[in-house]
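Notes follow once the structure below has been shown.
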Amino acid sequence: MENGSSSYDGPVLECRNLCISYFTRAGEIPAVIDFNMTLNQGESIGLVGESGCGKSTVAMAIMQYLGKNGAIVGGEVFYKGRDLTTFSPEELRQLRGNEIAMVYQEPMASLNPSMTLGRQLMEVPLCHEDISEQEAYDRAVKILADVKLPDPERIMKVYPHQISGGQQQRVVIAMALLSNPSLLLLDEPTTALDVTVEAGIVELIGEIAGKFNTSMVYISHNLGLILATCDRLNVMYSGVVVEHGSVDEVFDHMRHPYTKGLFGCIPLPGADKTAHPLVPIRGQLPLPHQRPPGCYFGPRCDFFEAGTCDQEGLGMTEVPNEPGHTVRCRRWQGIDWDSYQPEGVGAGEMEAGEVVLSIDNMKKYYEITDNSIAAMVKGNRVRHVKANESISFEARSCETVAIVGESGCGKSTFAKVLMGLETATEGKVMFNGKDISQEEVQSRTPEQIGSMQMVFQNPFDTLNPSHTVGSQLARVIRKFGVEADKDKIDARVMELLDLVKLPRDFAKRRPRQLSGGQKQRVGIARAFAGNPSTVVADEPVSALDVSVQAAVTGLLMDIQKTYRTTLIFISHDLSLVRYLADRVVVMYLGNIVEQGTTDEVFSPPYHPYTEALLSAVPIADTSIEKKRIILEGNLPSVTNPPSGCPFNTRCPRKIGAICETEVPPVYEPSPGHQIACHLAVEDFESMQPVIVQVDEPANPAAE
Amino acid sequence: MVLTMLVVSLLLFLLLEINVEGVAIKVLGAYSSDQQREIWLETNGYFDPLPVRYARWLGNAVVGDFGDSVRFKVPVSEILPGRIWNTAILGFWALLIASIIGLFLGVIAGMREGSGLDRTVSVGSIVTTSVPEIASAPLLAALFVFYLPQTIGWGLPGTSSMAGGFDWVQLILPITVLVLYDFGYIARMTRASMAEVMMTHYIRTAVLKGLPYGTVIRKHALRNALIAPFTVIMLQINWLLSGVIVVEVFFAYKGFGSLLLEASLNQDIFLIEACAMVAVFVAVGTQTLADIGYTYLNPRIRFS
Amino acid sequence: MTDQAISAPRRESSLLRLVKGAALIRESWVGMVGLAIIVFWVLVALLADVLAPFPPNATGAAMTLPGGPAADGSSVHWLGTDHLGRDILSRIIHGSRQVLLYAPLATLCAYIVGIPMGLAAGYRRGLTDDVLSFIANVILSFPVLVLYIIIIATIGASGFNIVIAVTFASAPGIMRIVRGLVLDLRNREYVFAAETRGESAWRIMMIEILPNARGPLIVDSCLRLGYVIITIGTLGFLGLGLPPPDPDWGGMITETRSFITFMPHMVVFPCLAISSLVLGFNLLADGLREVSLRD
């Protein structure tokens, strides 16, 4: 292709009325409809939307890689003024990786498992430029240093599985930058990563934009990440862009009811379950072949007007006095947002009752026997994993206790001990006055089991696909001895479906006929079938779309209030925890590093880990300023945890050798607020809040 | 591996030699007198305790001494090596050709999943694997007899006996029969593996890096796609042995398979034991090789 | 809400679901061809007495080429006669009964033994798994036909013994497949949910796990049936099958193979019969796999 990129000064990328369809056995399914976008040199544009809105399809269309059954059926994509659909395969090949590069969601899957990283990096310049192996090697090492990977020479020699997920993603980014592309496509680049690792990657992406003057398209479902990385954004819904504008315009003066709804669903720092509850968007995303006529958001919109919104031919209209801010809505000017008072899903203030669950110095160690020949030679066949170390906290009736931590922090093991799938190595777990730490589930009574149940994480996995919803609920009712008579069981199944606001005929359905949110509701119904006094919810909404998340969260809180249930809410999502929890327990590598009421934990003094965690959470609010704390290094392995304070290897506030040698003492700034750290009292007292509201929030949804 | 061999040997020993009377009858024939049997058992130490007998038997087996064949009236170790060599020639060529055809067809079919070529290869390999050796041997023989010039001996039933010395031409038909049945399975496994690899994200990464298609296939796809078929081919040796028995019997090829069948039809107890041990040794050996090869080919296991 | 609105959660009968699932095969022409072949042979076996023009073991006719007239002139040996003058068509028709009786029976027995072993090994893991997997390894390290030959040579050749031999030789393979599926399925959250409500291991294995493994197992059973048919044929061919004179496809091939140079029809038709039946099962398996991967 002609190398006119230096003289070209128009937009890097331009999509005009782009329409993309997939062709399946069921016929043509439009995935993206009437998509327009102009991206200038050095600019970053965000594509945000829920699953299935077509945002990734746009990226694949730009790459001209839609697979066998996907095709551009209308419109054009111009790269530096030339329509990509007119490129020959050879021209496309030279464009890919050289001019346009991409970063993917799953770094591990994106890297070839049987090739060294060095080879995978070097082949990019080797195939696009006429350079020697040595030059390619030097370039790869340099770019690895640019993405801040320690010891690039070592990284060059290893295979993908030998480095951590965060490092893998840095390698993928390095690979994308190797040929200094003009356009970088990032498709959910941090979704598979822990939040503290994500913060590092987001910072890196920000630096790249400045350093390499690369234009970027950033695809994400997370509005907070878009705010942190982009200049402008497109909000997509069911294949169409519903709103486009600069980040400030869209975040502070959004016009489309869907955008508004989306912001109402995310727990921003201003949201509160009593005063400013979350507002879910009712209904669910339409399937691509069941889109309604006219506005696709119509059936879920509070401002829907028959005769106006269901007419075909809906285009984008520009907001006056805000050039570039466009909205796909016929009624946006007629909506009076100030008098709009949607019903939230919060819960009233509740008085916590007596102690239901009390955990005292609980420990859970595993022994791992390594049968590999290497381990036998080295003689370290049996290794100990300290999954939980000295866990102590209490939970009262009607209270929500959140357990927060990243992967490997031991929260799942803790849940297993509670549920009786594992027995504790040491310590006590008092539940309703009885020590259950050594009672396996088989030796517990049906009432005991029924009074502590669990809601699981993955909606696609939580229900058995071979049985109907009704029969699965009925089994639980029978098992816990709630009812024995067949008619009464059936009646109870109906009650449970009513409780989780699902139609009664869902009893006859199989799980695959349900959406993710609906399955999660059935999962909640199942947990509440035995009238539990405590429910352990393990990331119950993290796999759901934002708009569904709010509704399911609301439902869970609602039921909790009705039954005065104790909720143990395991999550990595600090925003959500801040919104719904009464008390918070922060875990790191099997240890509790901080606990206290939600207000105590979210304001100084902090444990250094909590501080980093708070700083890492992306917040979709332009009026928030955060202190930037990026953690260095990798999460240590649980089989080989650091001595002394578990956080000492990554702690930005490490004070010296004492952190590595001695287990930190507990500092208690106020009764019940415990921080396990060596820092001096003065240090704690001089801590500043991580999250600061700069001025009054201009976002009405959070008011 | 050693443990498996030990257990197998014990099983075999128990199965065939637990009944000492039976052994004597098999060795001396049904018309021997009780006295003759008694004497034979006595002189051969059959009244020793079972563990002692097993230890002695095993010790002899390890050095290759399985006793005398009843049918051939010579030590087993004299007949066996030649027969194994003959079968090795047959098996080696059959496996080599089947692997080459299977891998080639599997790779090109898997590269373009769902294409006409892919469908043809898939259905074609289903058809060939559906025709067992007992059917393909006579069918091919009939075809060769009626449609090919008879100037050379093609290896008709009973004519691969190499009566006039070793003759490659007589191997053509037996090898064809084995290849025909075996390549389809290799092709299908390779195709599945290749198709799976072509769907992975790292192939997408490679394509979107702008690598030429040939490079993507050669450097990224093949290496990963051939790990599974390698194991399949190694384990195929175990299956090939079944086919070898049929082919050797049908074409009267003097190999290991026909020897085993002859031994079992004639209750030639020591020969059966020897043959079974050899067969299991080959099977366990290839399995171990497959495991080692898998570890070598897969860096995820090599550097875990 | 009125009482009538409360409808009891009713389950579709499992039979109905099976029929619905089987109907999916219509979407794969490969599978349909396979199914047609199998149905054809099943009908032949069921109606053998009606369809066969001659008694299968009746000798006395002269060696006849296909289409040749019978001795009494009233009917025709459509596929000719064999070296003993027996009508080949009738023998193939009656032989289908043997195959379609013993092959499914043996396969079923192998599954009945193999599935619980695989469930136990995959779900219990630990020592149970080690022991069961080792046993399976030992049995599987015998080349298949060698194992059959040893077993049949030891216990003798009969229909019942073939079933035993097939069960013994196939169950470890089935166990491995089931174990692999269970190792995957046991980590699903619905299994975890069942464990947290204190369900028995038996119930979790049979109700929560096994039904979700049925797809791959149905495909495997078709392939395995094809293979068992080959095995039974091969045993017959090697003279270790069903005792003569009852017709057995493998036996028919071996009895007449020396005539191949001048009377190939005696061998060719039994060969085609066995190959077509195996093909039927293999095509059906492929069709089922294709359909099951679609959604």
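Residue numbers (numbering that gives the first Met the number 0), protein chains in the order written: chain A, 0 to 702; chain B, 0 to 303; chain C, 0 to 294. Glycine is no exception: its CB is placed at the ideal position from the N, C-alpha and C atoms. Source: prediction; values computed, not measured.
*Whose Cβ in chain A lies nearer than 8 Å to the Cβ of Gly286/C?*
From the beta-carbon of Gly286/C, no residue of chain A is found nearer than 8 Å; the closest lies around 16 Å away.
*Flag this pair as touching only if the segment 224-232 of chain C and the segment 263-276 of chain C have three or more C-beta atom pairs under 8 Å; answer yes or no.*
Touching, yes, given that three or more Cβ pairs across the two stretches are closer than 8 Å.
*Hey, would you say Val551/A sits closer than 8 Å to Ser614/A, going by beta carbons?*
Going by C-beta atoms, Val551/A is not nearer than 8 Å to Ser614/A.
*How would you label Lys485/A, buried or exposed, when you count the other beta carbons within 10 angstroms and need 16 or more for buried?*
With fewer than 16 Cβ atoms within 10 Å of its Cβ, Lys485/A is classed as exposed.
_Measuring straight from C-alpha to C-alpha, what distance separates Pro137/B and Leu42/C?_
Going from the Cα of Pro137/B to the Cα of Leu42/C covers about 27 Å.
*asked:* If you follow the alpha helix (DSSP H) that Gly94/C is in, where does it begin and where does it stop?
replied: Here the alpha helix (DSSP H) through Gly94/C covers Ile87 to Arg123.
_Counting only Cβ pairs nearer than 8 Å, list the residues of chain B close to Ser109/A._
Within chain B, the residues near Ser109/A are His200, Tyr201, Arg203 and Thr204.
*Return the chain-ordered list of same chain residues with a C-beta closer than 7 Å to the C-beta of Glu197/A, the five sequence neighbours on each side being excluded.*
For Glu197/A, same chain residues with a beta-carbon under 7 Å away, outside a window of 5 residues either side, are Thr189 and Ala615 in chain order.
*Could you check the C-alpha separation between Gly214/C and Ser291/C for me, to the nearest Å?*
CA-to-CA, the gap between Gly214/C and Ser291/C works out to about 7 Å.
_Where Val267/C meets chain B, residues with beta-carbon distance less than 8 Å_ = Within chain B, the residues placing a beta-carbon under 8 Å from that of Val267/C are Pro137, Leu138 and Ala141, ordered along the chain.
*Which of helix, strand or coil DSSP assigns to Thr85/A*: DSSP places Thr85/A in helix when its eight states are reduced to three.
*Among residues of its own chain, excluding the 5 on either side of Ala135/A, which ones have a beta-carbon nearer than 7 Å to its beta-carbon?*
Here the set comprises Met121, Pro124 and Leu125.
_At 4 residues or longer, what runs of the alpha helix (DSSP H) sit wholly inside the segment 424-492 of chain A?_
Segments of the alpha helix (DSSP H) lying fully in the segment 424-492 of chain A: 445-449 and 468-478.
*Just the C-alpha distance for Gly113/C and Val231/B, rounded to the nearest angstrom, thanks.*
The straight-line gap from Cα to Cα measures roughly 22 Å.
_Partner residues on chain B for Asn136/C, Cβ-Cβ distance less than 7 Å_ = Against chain B, the beta carbon of Asn136/C has neighbours under 7 Å at Thr3, listed in chain order.
*Among Pro246/C, Leu184/C and Phe261/C, which residue has its Cα nearest to the Cα of Ser465/A?*
By alpha-carbon distance to Ser465/A, the top candidate from Pro246/C, Leu184/C and Phe261/C is Leu184/C.
*Please list, in chain order, all residues of the same chain as Gln548/A whose beta carbon is under 6 Å from its beta carbon, the five residues on each side excluded.*
Same-chain partners within the cutoff: Val540.
*Throw me the rounded Cβ distance for the Ala724/A and Lys363/A pair, which I believe falls under 8 Å.*
This structure cannot speak to residue 724/A, because chain A is shown only from 0 to 702.
*CB Leu554/A to CB Phe568/A, shorter than 8 Å?*
No. Outside cutoff.
_Residue burial classification, Arg138/A (beta-carbon count within 10 angstroms, cutoff 16)_ = Buried, by the Cβ-count rule.
*Would you say Val216/A faces chain C, with C-beta separation under 8 Å as the test?*
At a cut-off of 8 Å between C-beta atoms, Val216/A does not count as an interface residue with respect to chain C.
_Option in Phe145/B, Ala186/B and Leu40/B with minimal Cα separation from Ala108/B_ = When each option's Cα is compared against that of Ala108/B, the closest is Ala186/B.
*Evaluate contact between the segment 171-188 of chain A and the segment 145-156 of chain A, counting only Cβ atoms and requiring at least three cross-stretch pairs below 8 Å.*
At 8 Å Cβ cutoff, the stretches touch.
*Can the beta-carbon of Leu472/A be found less than 8 Å from the beta-carbon of Leu495/A?*
For the 8 Å CB-CB criterion, Leu472/A and Leu495/A form a contact.
*asked:* Which residues in chain B have a C-beta closer than 9 Å to the C-beta of Asn211/C? List them in chain order.
replied: Contact of Asn211/C with chain B by beta-carbon distance below 9 Å is absent, the smallest such distance being about 21 Å.
*asked:* If contact is defined by three or more beta carbon pairs under 8 Å, each pair taking one atom from either stretch, is the segment 268-279 of chain B in contact with the segment 205-217 of chain B?
replied: A contact between stretches requires three or more CB pairs, one per stretch, nearer than 8 Å, and the segment 205-217 of chain B fails this requirement with the segment 268-279 of chain B.
*Examine chain B for any beta-carbon lying closer than 8 Å to the beta-carbon of Ala152/C, and answer yes or no.*
Answer yes: the Cβ-Cβ gap between Ala152/C and chain B drops below 8 Å somewhere.
*chain C contact for Ser241/B (CB, 8 Å cutoff)*: With 8 Å as the cut-off, Ser241/B counts as an interface residue toward chain C.
_Minimum Cβ-Cβ distance from Pro464/A to chain C less than 8 Å_ = Yes, contact with chain C.
*Near Glu27/A, what residues of its chain come up, given a Cβ to Cβ distance below 7 Å and the 5 sequence neighbours on each side ignored?*
The answer, listed in chain order, is Ser20.
*Please confirm if Leu356/A has its CB atom under 8 Å from at least one CB of chain B.*
Not one beta carbon of chain B lies nearer than 8 Å to the beta carbon of Leu356/A.
_Taking the alpha carbon of Gly480/A as the reference point, which residue from Lys67/A, Gly529/A and Gln437/A has its own alpha carbon closest?_
For the residues Lys67/A, Gly529/A and Gln437/A, the minimum Cα distance to Gly480/A belongs to Gly529/A.
*Report the three-state DSSP secondary structure of Arg649/A (helix, strand or coil).*
Coil.
_Residue burial classification, Val592/A (beta-carbon count within 10 angstroms, cutoff 16)_ = Val592/A is classed as buried because its beta carbon has at least 16 other beta carbons within 10 Å across all chains shown.
*His127/A CB to nearest chain B CB: under 8 Å?*
True, the Cβ-Cβ gap to chain B drops below 8 Å.
*Cβ neighbours of Thr597/A in the same chain (closer than 7 Å, five flanking residues each side left out)*: Leaving aside the five residues that flank Thr597/A on each side, the residues in its chain whose CB is nearer than 7 Å to its CB run, in chain order, Arg577, Ala580, Asp581, Arg582 and Val583.
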